[in-house]
Amino acid sequence: MPTKDSARRRRTLSERRQEIVTTAAELFDRHGYNNATMDDLAHAVGIAKPTLYHYFGSKEEILASIHEEFIDLLLGKHQRRRQAGLPPAQQLLEVMTDVLELMESHRGHVRVFFEHHRELPAAERDSIRDKRDAYEAQVAALIEQGTSAGTFRAVDPRIGALAVFGMCNWAYQWYRIGGSLEPRQIAYQFWDMFLRGIST
């Protein structure tokens with residue numbers, strides 16, 4: 001009968017790297033990026049520290065992989081919606097839902113992405129910034145599209161996009177899994193307030 005260790009050895013390089021990235025995101029969420037060591041991560045994954053360096057050359061490289069994975073998830077989700085031709089208001093709701101749902105499925109990624117971009121090596125920081133900027137521009141373009149369609153009133157599209165991010169991105173500080181509201185329910189309330197305000 002195969003043992004846990006033999007199954008672990010059969011994992012492919014990409015599977016092992018994914019396991020390390022996922023575990024690192026959870027570890028950084030619990031203990032903080034600066035407090036967690038490569039020794040801690042090797043122990044959490046269940047491999048020797050020299051083996052860990054076979055997959056990643058440094059903690060900073062792992063940090064970059066977490067950032068890359070998170071922003072690529074957001075970009076991929078939004079790209080599929082654009083291709084599906086959803087109306088601007090619905091796309092905006094889904095944009096807001098994305099981040100809030102990732103607080104459940106990728107909680108560690110969310111914290112790392114928003115709190116530890118300054119620790120990225122210069123080259124990776126520039127690459128991730130380019131993707132962040134591209135995502136921001138896509139959401140701004142969505143708001144502009146809604147304005148052109150007569151769904152939204154005329155506002156500065158970039159300020160509108162930043163307002164959306166400001167509502168959603170900080171929610172990881174207070175959101176708790178298993179609370180009274182599901183991520184989509186929170187997203188709907190944010191979306192409704194954003195579109196209609198809170199005045200009577």
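The sequence shown begins at 1 in the UniProt record's numbering and counts up by one. For every residue, glycine included, the Cβ atom is placed at its ideal position computed from N, Cα and C. Bear in mind that the values here come from a model prediction, so they are computed numbers and not experimental data.
Would you identify the three-state DSSP class for residue i, choosing helix, strand or coil?
i, result
"Y33", "coil"
"E182", "coil"
"P157", "helix"
"F152", "coil"
"I198", "coil"
"T22", "helix"
"H109", "helix"
"I177", "coil"
"R17", "helix"
"R11", "coil"
"L120", "coil"
Could you work out which residue in the options is closest to residue i when comparing CA atoms only?
i, options, result
"A163", "F190, Q18 and P121", "F190"
"E19", "D29, D39, T37 and Y55", "Y55"
"Y172", "H109, A140 and D126", "H109"
"H31", "Y135, I198, E115 and T51", "E115"
"R107", "H78, N35, Q83 and Y175", "Y175"
"G57", "D130, L73, P121 and E94", "P121"
"Q91", "Y188, I198 and K59", "Y188"
"L93", "R16, R17 and A161", "A161"
Can you name, in chain order, every residue of its own chain whose Cβ lies under 8 Å from the Cβ of residue i, other than the five neighbours on each side?
i, result
"residue 260", "Not covered by the structure: residue 260. The range shown for the chain is 1 to 200."
"L52", "I20, M38, L41, A42 and V45"
Starting from the C-beta of residue i, find all residues in its chain whose C-beta is less than 7 Å away, skip the five residues before and the five after it, and write them out in chain order.
i, result
"C168", "M96, V99, L100 and F190"
"E144", "P157"
"M1", "Its pLDDT being 47, under 50, M1 is placed unreliably by the model, and the measurement read from it follows with that caveat. Once the five neighbours on either side are set aside, M1 has no close Cβ partner at all."
"E69", "V21 and H109"
So within the stretch 34–99, which uninterrupted beta strand (DSSP E) runs reach at least 3 residues, ignoring any that extend past its ends? none
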